[in-house]
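S.K.: Chains A, B, C and D supply the protein sequences, listed in that same order.
Everything in the first sequence is counted per the numbering used here, starting at 1 for the first residue and increasing by one.
Everything in the second sequence is counted per the numbering used here, starting at 190 for the first residue and increasing by one.
Everything in the third sequence is counted per the numbering used here, starting at 379 for the first residue and increasing by one.
Everything in the fourth sequence is counted per the numbering used here, starting at 568 for the first residue and increasing by one.
From the three backbone atoms N, C-alpha and C, an ideal C-beta is built for every residue, glycine too.
Starting off with a structure, shown below.
There are 4 protein chains.
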Amino acid sequence: MKIKPYLTSDLKKLRRGPAITLPKDFGIIVAYTGINKNSKIIEIGTGSGFLTVQFSRIAKKIITYEKRKDFADLSKNNFQSLKLKNVKLLNVDAFEGIDEKDADLFMIDIHNAHEIVKIAFDSLKEGGYLAAHCLSVEQSKLLFLECKKIFKEVFMVETLVREYDVDELRTRPKHIGIIHTAYLLFARK
Amino acid sequence: MKIKPYLTSDLKKLRRGPAITLPKDFGIIVAYTGINKNSKIIEIGTGSGFLTVQFSRIAKKIITYEKRKDFADLSKNNFQSLKLKNVKLLNVDAFEGIDEKDADLFMIDIHNAHEIVKIAFDSLKEGGYLAAHCLSVEQSKLLFLECKKIFKEVFMVETLVREYDVDELRTRPKHIGIIHTAYLLFARK
Amino acid sequence: MKIKPYLTSDLKKLRRGPAITLPKDFGIIVAYTGINKNSKIIEIGTGSGFLTVQFSRIAKKIITYEKRKDFADLSKNNFQSLKLKNVKLLNVDAFEGIDEKDADLFMIDIHNAHEIVKIAFDSLKEGGYLAAHCLSVEQSKLLFLECKKIFKEVFMVETLVREYDVDELRTRPKHIGIIHTAYLLFARK
Amino acid sequence: MKIKPYLTSDLKKLRRGPAITLPKDFGIIVAYTGINKNSKIIEIGTGSGFLTVQFSRIAKKIITYEKRKDFADLSKNNFQSLKLKNVKLLNVDAFEGIDEKDADLFMIDIHNAHEIVKIAFDSLKEGGYLAAHCLSVEQSKLLFLECKKIFKEVFMVETLVREYDVDELRTRPKHIGIIHTAYLLFARK
Chain A
1 MKIKPYLTSD
11 LKKLRRGPAI
21 TLPKDFGIIV
31 AYTGINKNSK
41 IIEIGTGSGF
51 LTVQFSRIAK
61 KIITYEKRKD
71 FADLSKNNFQ
81 SLKLKNVKLL
91 NVDAFEGIDE
101 KDADLFMIDI
111 HNAHEIVKIA
121 FDSLKEGGYL
131 AAHCLSVEQS
141 KLLFLECKKI
151 FKEVFMVETL
161 VREYDVDELR
171 TRPKHIGIIH
181 TAYLLFARK
Chain B
190 MKIKPYLTSD
200 LKKLRRGPAI
210 TLPKDFGIIV
220 AYTGINKNSK
230 IIEIGTGSGF
240 LTVQFSRIAK
250 KIITYEKRKD
260 FADLSKNNFQ
270 SLKLKNVKLL
280 NVDAFEGIDE
290 KDADLFMIDI
300 HNAHEIVKIA
310 FDSLKEGGYL
320 AAHCLSVEQS
330 KLLFLECKKI
340 FKEVFMVETL
350 VREYDVDELR
360 TRPKHIGIIH
370 TAYLLFARK
Chain C
379 MKIKPYLTSD
389 LKKLRRGPAI
399 TLPKDFGIIV
409 AYTGINKNSK
419 IIEIGTGSGF
429 LTVQFSRIAK
439 KIITYEKRKD
449 FADLSKNNFQ
459 SLKLKNVKLL
469 NVDAFEGIDE
479 KDADLFMIDI
489 HNAHEIVKIA
499 FDSLKEGGYL
509 AAHCLSVEQS
519 KLLFLECKKI
529 FKEVFMVETL
539 VREYDVDELR
549 TRPKHIGIIH
559 TAYLLFARK
Chain D
568 MKIKPYLTSD
578 LKKLRRGPAI
588 TLPKDFGIIV
598 AYTGINKNSK
608 IIEIGTGSGF
618 LTVQFSRIAK
628 KIITYEKRKD
638 FADLSKNNFQ
648 SLKLKNVKLL
658 NVDAFEGIDE
668 KDADLFMIDI
678 HNAHEIVKIA
688 FDSLKEGGYL
698 AAHCLSVEQS
708 KLLFLECKKI
718 FKEVFMVETL
728 VREYDVDELR
738 TRPKHIGIIH
748 TAYLLFARK
């Protein structure tokens with residue numbers, strides 16, 4: 001029984017520490033926020049840097065905050081191994097304040113996501129998106145309700161991808177697979 | 190009962206003709222193929238141009254083929270309304286041959302997808318992806334088996350996105366929604 | 379766009395008041411609790427009586443409690459129209475106490491499900507199941523945690539059924555459908 | 568990583584040979600066909616007898632056909648270990664003809680399901696259901712098209728059940744699980 005995370009070749013080279021954001025969730029974030037080659041992204045909670053690496057293929061610039069020294073070191077090594085040029089990693093607690101303004105996307109991957117909503121709002125340009133990768137209903141609900149207070153549009157989804165086995169005689173989904181990764185929350189300024 | 194397709198603001202401005210590729214499927218294609226700002230994409234079957242528009246945010250260049258005059262006109266208008274600079278639209282039947290080489294992604298959205306596999310293979314660079322948006326198991330199976338003959342890695346998935354209703358008292362998925370759009374097939378050279 | 383609830387012919391004859399439990403959820407309850415022709419079922423929250431009718435096909439006896447007079451009248455009419463012989467309907471608040479003992483299944487379909495857990499436990503035979511049809515994560519979580527305190531085994535699921543369109547040329551799931559009905563909670567004594 | 572099939576206590580006692588029909592699929596068959604304590608079921612392809620055992624809790628009588636001697640012996644032992652009284656097992660090839668008439672459900676679990684449709688139709692009472700547990704799109708499509716020729720109503724579904732992890736702080740689906748078991752086909756006479 002092999003469970004495929006569909007990592008692209010760049011991601012396969014990276015070292016893992018904390019739980020990573022899988023390509024399927026990265027894809028939905030790209031698709032629903034419309035980020036592009038002109039986008040500036042602020043990311044809170046670099047972790048292993050997998051999501052940062054995926055964003056770096058597309059966006060103009062990513063400023064990513066990681067308060068834990070060990071995670072910052074891990075992701076720094078990952079970024080260097082891929083020679084990324086458009087990622088700025090700060091080993092800083094984002095709650096101490098963020099100077100960056102006019103972000104197109106404010107990406108959150110920390111447990112207390114709901115506490116950073118005001119900071120996110122202030123860092124976003126008009127029409128920009130807050131997005132969050134949430135590991136429980138409780139976490140995403142807190143964030144949802146907090147976002148509702150100041151953002152124009154808020155929605156929350158989850159994504160399921162199923163792979164098929166196909167041969168001459170038989171087509172059917174694989175029996176065992178990933179049935180959940182995360183709740184994704186979006187809020188538009 | 191409102192079914193949301195999660196169209197970004199650029200897509201909302203477009204006119205629709207034939208069935209479009211929704212953001213969720215675009216997102217999975219981006220995530221699983223790793224396309225980026227250096228990518229060259231060849232697309233067969235422009236249709237209304239919704240997928241082309243989404244690719245144009247990210248890729249360096251998209252060359253898109255549409256043999257039907259009415260669809261080519263429709264998508265041309267859509268591209269002009271958004272002032273896209275990196276899309277080249279050809280009102281040409283791709284089966285007559287494709288000059289472009291070294292594509293990072295060869296995207297197929299036509300009924301007889303399996304008949305263009307050899308042309309796709311020849312147009313791709315080493316490591317590049319064929320991807321296809323298929324409307325039935327039969328279509329995707331034919332394509333899968335054809336790809337298996339010449340590509341290194343072939344896989345087929347489908348994606349389900351569910352949105353949640355959230356308020357102070359109650360969190361739960363919406364009752365009615367999109368339960369299927371398309372099968373996505375990927376083949377790596 | 380027609381959304382099918384897969385009602386069997388008996389259910390199609392009934393009148394509806396409050397939200398009903400659909401066949402798919404009834405089926406999972408039957409399958410996971412193992413109820414059979416010797417089973418005694420206590421049901422709290424008769425509502426329109428749709429779940430009661432489905433149970434009545436299988437179980438030996440169902441004692442169903444409905445405190446609201448209007449719902450009790452509605453379900454009474456439904457039961458009479460089908461001439462059910464093994465259903466005892468009580469227009470009584472179950473929180474006032476339940477005399478019945480040794481139930482094989484204690485089925486809950488009320489908002490404050492978590493408050494009736496002790497009563498449920500006392501009414502069940504060893505090895506019997508509490509089951510609940512919950513309309514939100516919040517409701518099912520409260521119930522889950524309460525059950526954890528006194529039941530041996532507790533689990534919670536949700537069920538998705540997709541229907542396919544099939545013809546000579548094309549097999550694929552319908553595009554629009556029911557993506558959520560309820561969370562089902564099970565606790566074994 | 569533990570994948571739960573939700574077997575009831577009777578099923579846990581049984582020995583397994585060929586692939587079994589899981590409780591979730593049994594539940595949907597019960598729910599969509601409305602079988603009950605007065606039902607007569609004909610089953611083709613006994614296999615390990617897991618589905619037969621589940622039906623035996625509910626139906627009046629099950630006549631089950633298994634042409635392979637080894638499977639018939641296996642299921643016979645399983646039925647004896649549970650002391651089932653309402654199951655008649657025939658180590659006979661059903662294609663040689665079925666004497667039973669007026670069945671409420673004709674359950675098929677063999678590869679060449681589409682070849683037994685006429686026999687099924689003749690054995691069913693008016694309003695009775697053919698149901699089939701199919702392991703591929705190809706198999707279920709052949710059966711679907713064959714049923715369309717003589718049955719009033721034909722439909723095909725698949726069922727997904729997800730289990731949740733719940734504790735004080737966090738509610739979310741398990742990450743890994745069963746994402747597919749079978750396609751279920753129903754045809755009503």
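I'd like to check one pair, Val532/C with Val137/A: are the Cβ atoms closer than 8 angstroms?
M.R.: Within the first sequence, residue 137/A is the residue found at index 137, counting from 1. Within the third sequence, residue 532/C is the residue found at index 154, counting from 1. Not closer than 8 angstroms, so no.
S.K.: Near Ile339/B, which residues of its chain fall below 8 angstroms by C-beta distance, leaving aside the five closest residues on each side in sequence?
M.R.: Along the second sequence, one-based indexing puts residue 339/B at 150. Taken in chain order, the residues that qualify are Val306, Lys307 and Phe310.
S.K.: Roughly how many angstroms lie between the CA atoms of Lys265/B and Gly317/B, to the nearest whole one?
M.R.: The residue labelled residue 265/B in the question sits at position 76 within the second sequence. The residue labelled residue 317/B in the question sits at position 128 within the second sequence. The straight-line gap from Cα to Cα measures roughly 27 angstroms.
S.K.: Are the C-beta of Val137/A and some C-beta of chain C separated by less than 8 angstroms?
M.R.: The sequence position of residue 137/A within the first sequence is 137, counting from 1. Yes, Val137/A counts as interfacial toward chain C.
S.K.: Ordered along the chain, which non-local residues of its own chain (more than five positions away) have a Cβ less than 6 angstroms from that of Lys337/B?
M.R.: Here residue 337/B refers to the residue found at position 148 of the second sequence. Same-chain partners within the cutoff: Val343.
S.K.: What residues from chain A crowd round Thr738/D, counting only those whose CB sits closer than 8 angstroms?
M.R.: Start at 1 with the first residue of the fourth sequence, and residue 738/D comes out as number 171. Per Cβ cutoff of 8 angstroms: Ser136, Val137 and Glu138.
S.K.: Within the chosen definition, does the segment 656-671 of chain D reach the segment 632-646 of chain D through at least 3 CB pairs nearer than 8 angstroms?
M.R.: Taking 8 angstroms as the limit for Cβ pairs, the verdict is that the segment 632-646 of chain D does touch the segment 656-671 of chain D.
S.K.: What does the alpha-carbon distance come out to for the pair Tyr6/A and Leu319/B?
M.R.: For the purposes of this step, residue 6/A is taken as the residue at position 6 of the first sequence. For the purposes of this step, residue 319/B is taken as the residue at position 130 of the second sequence. Going from the Cα of Tyr6/A to the Cα of Leu319/B covers about 15 angstroms.
S.K.: Do Arg188/A and the ligand ADP come close, with the Cβ less than 7 angstroms from some heavy atom?
M.R.: The ligand ADP is not part of this structure, which contains no ligands at all.
S.K.: So if DSSP puts Thr181/A in a beta bridge, which residue, or which two residues, is it bridged to?
M.R.: Stepping through the first sequence from its first residue, residue 181/A is reached at position 181. Beta-bridge pairing links Thr181/A to no other residue.
S.K.: I'd like the span of the alpha helix (DSSP H) that includes Phe622/D, first residue to last.
M.R.: The sequence position of residue 622/D within the fourth sequence is 55, counting from 1. Looking at the DSSP string, the run of the alpha helix (DSSP H) that includes Phe622/D is Phe617 to Ser623.
S.K.: Report yes or no: do the segment 39-57 of chain A and the segment 103-112 of chain A share at least 3 C-beta pairs separated by less than 8 angstroms?
M.R.: Output reads yes: the segment 103-112 of chain A touches the segment 39-57 of chain A.
S.K.: Please identify, using Cβ separations under 7 angstroms, the residues of the segment 202-226 of chain B that lie next to chain A, in order along the chain.
M.R.: Under the 7 angstroms Cβ criterion, the segment 202-226 of chain B contributes Pro212, Lys213, Phe215, Gly216, Ile217, Val219, Ala220, Tyr221, Gly223, Asn225 and Lys226.
S.K.: Verify whether the separation of the beta carbon atoms of Asn275/B and Gly238/B is less than 8 angstroms.
M.R.: To locate residue 275/B, count along the second sequence from 1; it is residue 86. To locate residue 238/B, count along the second sequence from 1; it is residue 49. No, the Cβ-Cβ distance between Asn275/B and Gly238/B is not below 8 angstroms.
S.K.: What separation, rounded to the nearest whole angstrom, lies between the Cα atoms of Arg755/D and Leu710/D?
M.R.: Reading the fourth sequence from its first residue, position 188 is the one you call residue 755/D. Reading the fourth sequence from its first residue, position 143 is the one you call residue 710/D. Taking the straight line joining both Cα atoms gives about 13 angstroms.
S.K.: Could you confirm whether any beta carbon from chain A is found closer than 8 angstroms to the beta carbon of Arg755/D?
M.R.: In the fourth sequence, counting from the first residue as 1, residue 755/D sits at position 188. No, no contact with chain A.
S.K.: Hey, could you find the ends of the beta strand (DSSP E) Ile42/A is sitting in?
M.R.: Residue mapping note: residue 42/A aligns to position 42 of the first sequence, counting from 1. Note, Ile42/A: beta strand (DSSP E), Lys40 to Ile44.
S.K.: What residue range is occupied by the uninterrupted alpha helix (DSSP H) comprising Thr411/C?
M.R.: On the third sequence, residue 411/C is found 33 positions in, with the first residue counted as 1. Start and end: Pro401 to Thr411.
S.K.: Along the segment 329-349 of chain B, what residues have a CB closer than 9 angstroms to any CB found in chain A?
M.R.: Result list: Ser329, Lys330, Phe333, Leu334, Lys337, Val343, Phe344, Met345, Val346, Glu347, Thr348 and Leu349.
S.K.: Go through its chain and collect everything with a Cβ distance to Ile20/A's Cβ below 6 angstroms, but skip five positions before and after it.
M.R.: Against the first sequence, residue 20/A aligns to sequence position 20. Answer for Ile20/A: Ser48 and Phe50, listed in chain order.
S.K.: Name, please, each residue of chain A whose Cβ falls closer than 9 angstroms to the Cβ of Ile247/B.
M.R.: Along the second sequence, one-based indexing puts residue 247/B at 58. The answer, in chain order, is Val30, Ile35, Asn36, Lys37, Arg57 and Ile58.
S.K.: Under the assumption that His700/D contacts Leu651/D (Cβ atoms under 8 angstroms), give the Cβ distance between them as a whole number of angstroms.
M.R.: Your numbering for residue 700/D matches position 133 in the fourth sequence. Your numbering for residue 651/D matches position 84 in the fourth sequence. Their Cβ separation, rounded to whole angstroms, is 20 angstroms, which puts His700/D and Leu651/D out of contact at 8 angstroms.
S.K.: Can you check DSSP and say which residues form a bridge with Leu89/A?
M.R.: On the first sequence, residue 89/A is found 89 positions in, with the first residue counted as 1. According to DSSP, Leu89/A bridges with Thr64/A.
S.K.: Would you mind reading off the limits of the alpha helix (DSSP H) that contains His451/C?
M.R.: Locating residue 451/C in the third sequence gives position 73, counting from the first residue. According to the sequence shown, residue 451/C is Asp rather than His. Lys447 to Ser459 is the extent of the alpha helix (DSSP H) around Asp451/C.
S.K.: From this set, Ala598/D, Ser648/D and Lys708/D, which residue's C-alpha is nearest Val539/C's C-alpha?
M.R.: Taking the first residue of the third sequence as position 1, residue 539/C is located at position 161. It is Ala598/D whose Cα lies nearest to the Cα of Val539/C.
S.K.: With 16 other CB atoms within 10 Å as the buried threshold, where does Lys719/D fall?
M.R.: Within the fourth sequence, numbered from 1, the residue matching residue 719/D stands at position 152. The residue in question, Lys719/D, is exposed, as its Cβ has fewer than 16 Cβ neighbours within 10 Å.
S.K.: One question on the structure: do Leu513/C and Arg361/B come within less than 8 angstroms of each other, judged by their Cβ atoms?
M.R.: Indexing the third sequence from 1 puts residue 513/C at position 135. Indexing the second sequence from 1 puts residue 361/B at position 172. Yes.
S.K.: Looking at the unbroken alpha helix (DSSP H) that takes in Tyr150/A, where does it start and where does it end?
M.R.: In the first sequence, residue 150/A corresponds to position 150, counting from 1. The residue asked about is misnamed: residue 150/A is Ile in this sequence, not Tyr. Where Ile150/A is concerned, the enclosing alpha helix (DSSP H) stretches over Val137 to Ile150.
S.K.: At a Cβ threshold of 8 angstroms, is His558/C touching chain B?
M.R.: Indexing the third sequence from 1 puts residue 558/C at position 180. Yes, His558/C counts as interfacial toward chain B.
S.K.: Assign Asp167/A to one of two classes, buried (16 or more other C-beta atoms within 10 Å of its C-beta) or exposed (fewer than that).
M.R.: For the purposes of this step, residue 167/A is identified with residue 167 of the first sequence, where counting begins at 1. When all chains shown are included, Asp167/A counts as exposed.
S.K.: Helix, strand or coil for Asp487/C? Go by DSSP, reduced to three states.
M.R.: Taking the first residue of the third sequence as position 1, residue 487/C is located at position 109. Of the three classes helix, strand and coil, the one that applies to Asp487/C here is coil, per DSSP.
S.K.: How would you call Asp109/A, buried or exposed, if buried means at least 16 neighbouring beta carbons within 10 angstroms?
M.R.: Here the question's residue 109/A lines up with position 109 in the first sequence. With 16 or more Cβ atoms within 10 Å of its Cβ, Asp109/A is classed as buried.
S.K.: Short of 7 angstroms in beta carbon distance, which residues of its chain neighbour Pro18/A, apart from the five on each side in sequence? Order them along the chain.
M.R.: Here residue 18/A corresponds to residue number 18 of the first sequence, with the count starting at 1. Contacts found: Gly47, Ser48 and Phe71.
S.K.: Would you identify the three-state DSSP class for Ile3/A, choosing helix, strand or coil?
M.R.: Within the first sequence, residue 3/A is the residue found at index 3, counting from 1. Of the three classes helix, strand and coil, the one that applies to Ile3/A here is coil, per DSSP.
S.K.: Which residue or residues does DSSP assign as beta-bridge partners of Val728/D?
M.R.: Taking the first residue of the fourth sequence as 1, we reach residue 728/D at position 161. Bridge partners of Val728/D: Thr537/C.
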